[in-house]
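Sequences listed follow chains A and B, in order.
Residues in the first sequence are numbered from 221 upward in steps of one, following our numbering.
Residues in the second sequence are numbered from -8 upward in steps of one, following our numbering.
Built from N, CA and C at the ideal position, the CB exists for glycine as well.
Since we're looking at a predicted model, the values are computed, not measured.
Accompanying notes for the structure given below.
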Amino acid sequence: MSAPWGEFVAPLANGALTTLIVFLGSIVIATVVGIIVGALRLSRFSFIRGVAWGYVEFFRGVSVIVLIFWAFYVLPLLGLQLTTIVTAWLVIGLNQSAFIAEIVRGGIRSVPQGQVEASIAINHSPWARLRYVTFPQALPIMLPPYANHLVNTLKETAVVSLIGLADLTFRANELRTREGHSLELFISIGLIYLLLAYLLTLGTSWLERKTQVGPLRKALPIRFRRKSTVVGGVDA
Amino acid sequence: MNWDWSYAIAILPDLLRGLGVTIVVTLIATTIGLIGGLVAGVVSAMRIRVLSAIANGYIVVFRNTPFLVQLYLIYFALPEFGIVLSAEVSGVLGLGVFIGAYMAEVFRAGIDSVPIGQWESCTAINLSKRHTWVRVILPQAIPPVIPMLGNYANLAFKLSAYVAVIGTVELLGTALRLGEQSYRYLEPFTLVGVLYLVVSVAATALIRKLEKRISRNRQQLVKA
């Protein structure tokens, strides 16, 4: 018996849309918070560094699935009523921001010390140093591991199905209970996730070429550039 | 709703038992991941046409799809072929296969970092393929990536919470059951979060120590 594909298309397309909405909101939060926390981890003040360190350790240490259940069941009891989508954005966004903070910190620290000293010598303010000297040079270094975390964030969005958001995984599971055909359903949504991940990788490798600054731009063919497979952190 | 210490203390033994199950799940899954990852990593590095393509396909597909979807596929789709696995076995197997894809990539990077001169020397002294791998390449490829493998074992620990979704009663599963029984979610979920955090942060610290020791040993090796 072949699967009733006609009945699958509309719910799955709908689910893919929800997955994308969850992904976009999460990645915006993760990127903004991650850059701020990453910069704070390099602060001159040990107290601020300590708080940022605690933040990163906390969100890297707790699994996103535990966090989302906690936020979904416990926050309302504490008097904080959030809609499901906001809970999803916050949990996935804050969780991923810890990993992005580490990438930002590593990227900024990998800029040669001489660049920082030169910037101090010409009397840049700390903000101008970050904005015009260190950050632009750190960007191409940060992008490959950042691309990894885009894909990780996309994969993490599947947990929102557990708190009742009708994303791709949720729709597939719903169709499975009604129609069966679990093999076809889960392989199809696996392929959709793969396709989305592939599109993300394409987008970021384009950005990588765009953001190469200084003498490196176009000087090296892509195959000679540093590989980034093991550099990116581990997600949860 | 206020924190109830007597309830929190009453459920602690159950949760610790759940933590025990979580650790067993993590250990078995990590073992599966290490073996599967090593095989896939070596096969991928050997550049045998069809086999390497299969190994690379495994790495790409399992790294780029959500773990939850893979878990559902194993738990719900395999029975259609007459392979019925319990929730526990499905969970451990799924986690092992998922983490194996990450570990394969790590092994692959370790193998690629062995200088090409080592390969050429093996050819020059006519070592068999098996000896080249077992005596020369792998002993140099694996030690530098041990901390990275540790990080992925830690990831397996955190991801093991997902197996609660298909009905395994580990740490998170215990909390879900307790919540259903008592309608109190504050204490079980908060304690679960704290337990995960404590184990995971301790594991991270341990891995960092290991990393330092390995790099120190290697420096001594280079000097000698």
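Extent of the continuous alpha helix (DSSP H) to which residue i belongs
i        : result
Pro4/B   : -4 to 37
Asn55/B  : Run containing Asn55/B: none; DSSP gives neither H nor E here.
Arg269/A : 266 to 281
Gly164/B : 162 to 173
Tyr176/B : No alpha helix (DSSP H) contains Tyr176/B, which DSSP labels as neither H nor E.
Asn145/B : 137 to 150
His369/A : 355 to 376
Ser317/A : 304 to 329
Trp124/B : Note, Trp124/B: premise wrong, no alpha helix (DSSP H); not H, not E.
Val156/B : Counting along the chain, Val156/B falls outside any alpha helix (DSSP H), and DSSP gives it neither H nor E.
Glu71/B  : Element bounds for Glu71/B: n/a, residue is neither H nor E.
Cβ of residue i within 9 Å of any chain A Cβ
i         : result
Pro106/B  : no
Thr181/B  : yes
Thr17/B   : no
Leu150/B  : yes
Ser191/B  : yes
Leu188/B  : yes
Thr114/B  : no
Thr21/B   : no
Tyr(-2)/B : no
Thr195/B  : yes
Arg8/B    : no
Chain B contact for residue i (CB, 9 Å cutoff)
i        : result
Asn393/A : yes
Ala417/A : yes
Arg261/A : no
Leu403/A : yes
Ile409/A : yes
Tyr293/A : yes
Leu298/A : yes
Ser283/A : yes
Val311/A : no
Leu287/A : yes
Residue from the options with nearest C-alpha to residue i
i        : options                                : result
Leu405/A : Arg391/A, Phe267/A, Leu262/A           : Arg391/A
Leu6/B   : Tyr49/B, Glu202/B, Gly82/B, Val185/B   : Val185/B
Met362/A : Glu376/A, Arg269/A, Ile320/A           : Ile320/A
Val51/B  : Val379/A, Val371/A, Arg396/A           : Val371/A
Ala259/A : Ile247/A, Ala272/A, Val248/A, Ile342/A : Ala272/A
Asn208/B : Val16/B, Ala44/B, Arg40/B, Pro134/B    : Pro134/B
Ala132/B : Ser173/B, Arg99/B, Gly24/B, Trp(-4)/B  : Arg99/B
Asn142/B : Ser191/B, Pro4/B, Gly170/B, Val16/B    : Ser191/B
Leu62/B  : Gly87/B, Ile39/B, Ala46/B, Ser43/B     : Gly87/B
Leu292/B : Val282/A, Thr421/A, Gly423/A, Thr389/A : With chain B running from -8 to 215 in the structure shown, residue 292/B is simply not present.
Gln432/A : Ala358/A, Val253/A, Asn368/A, Thr238/A : Ala358/A
Ile128/B : Trp110/B, Asn117/B, Met139/B           : Trp110/B
Gly245/A : Val306/A, Arg349/A, Ile328/A           : Val306/A
Val30/B  : Tyr49/B, Arg40/B, Glu171/B, Tyr174/B   : Tyr49/B
Asn393/A : Tyr66/B, Leu18/B, Gly73/B              : Tyr66/B
Ile285/A : His122/B, Ile0/B, Ala155/B, Leu201/B   : Ala155/B
Leu64/B  : Ser(-3)/B, Ile157/B, Ile205/B          : Ile157/B
Ile23/B  : Cys113/B, Gln210/B, Ser(-3)/B, Leu84/B : Leu84/B
Spatial distance of residue i from residue j (CA atoms)
i        : j        : result
Ala78/B  : Thr13/B  : 13 Å
Ala194/B : Leu146/B : 10 Å
Gly76/B  : Thr159/B : Just to set this straight, residue 76/B is Leu in the shown sequence, not Gly. Roughly 12 Å separates the two Cα atoms.
Ser330/A : Ile323/A : 11 Å
Val451/A : Gly299/A : Its pLDDT being 40, under 50, Val451/A is placed unreliably by the model, and the measurement read from it follows with that caveat. Spanning the two alpha carbons is a distance of roughly 41 Å.
Leu427/A : Ser263/A : 28 Å
Glu89/B  : Ser81/B  : Looking at the sequence shown, residue 89/B is not Glu but Phe. Taking the straight line joining both Cα atoms gives about 12 Å.
Ile442/A : Ile256/A : Confidence is the limiting factor: at Ile442/A the pLDDT is only 49, short of 50, which leaves the residue's position unreliable, though a coordinate-based value still follows. Looking at the two C-alpha atoms, the distance is approximately 30 Å.
Gly101/B : Val33/B  : 10 Å
Phe53/B  : Glu376/A : 14 Å
Leu25/B  : Thr56/B  : 20 Å
Met139/B : Tyr93/B  : 10 Å
Arg396/A : Ser402/A : 5 Å
Arg269/A : Pro106/B : 39 Å
Ala223/A : Leu169/B : 39 Å
Ile2/B   : Pro179/B : 7 Å
Pro341/A : Arg351/A : As written in the sequence, residue 341/A is Ala, which differs from the Pro given in the question. Ala341/A and Arg351/A: Cα-Cα distance of roughly 16 Å.
Ser345/A : Arg40/B  : 56 Å
Ile409/A : Ser173/B : 36 Å
Pro221/B : Ala417/A : Absent from the structure is residue 221/B, since the part of chain B shown begins at -8 and ends at 215.
Any non-hydrogen atom of the ligand COA within 8 Å of residue i CB
i        : result
Arg329/A : Ligands are entirely absent from the displayed structure, and the ligand COA is therefore not among its contents.
>> What are the residues in the segment 371 to 390 of chain A lying within 9 Å of chain B by C-beta distance?
In response: So the list reads Val371, Leu374, Lys375, Glu376, Thr377, Ala378, Val379, Ser381, Leu382, Leu388, Thr389, given in the order they occur along the chain.
> When Cβ atoms are compared, which residues of the segment 60 to 74 of chain B fall closer than 7 Å to chain A?
Replying inline: The segment 60 to 74 of chain B vs chain A, Cβ under 7 Å: Val60, Tyr63, Leu64, Phe67, Ala68, Glu71.
>> Beta carbons nearer than 9 Å to chain A: which residues of the segment 33 to 64 of chain B have them?
In response: Taking a C-beta cut-off of 9 Å against chain A, the contacting residues of the segment 33 to 64 of chain B are Val51, Val52, Arg54, Asn55, Thr56, Pro57, Phe58, Leu59, Val60, Gln61, Tyr63, Leu64, listed in chain order.
> Given a limit of 7 Å on CB to CB distance, which residues of the segment 156 to 185 of chain B reach chain A?
Replying inline: Per Cβ criterion, the list reads Val156, Leu163, Gly170, Tyr176, Leu177, Phe180, Thr181, Val183, Gly184.
>> To be precise: take each residue of the segment 270 to 281 of chain A, compare its Cβ to all Cβ atoms of chain C, and keep it if any distance is under 8 Å. Which residues remain?
In response: Protein chains A and B are contained in the structure displayed, whereas chain C is not.
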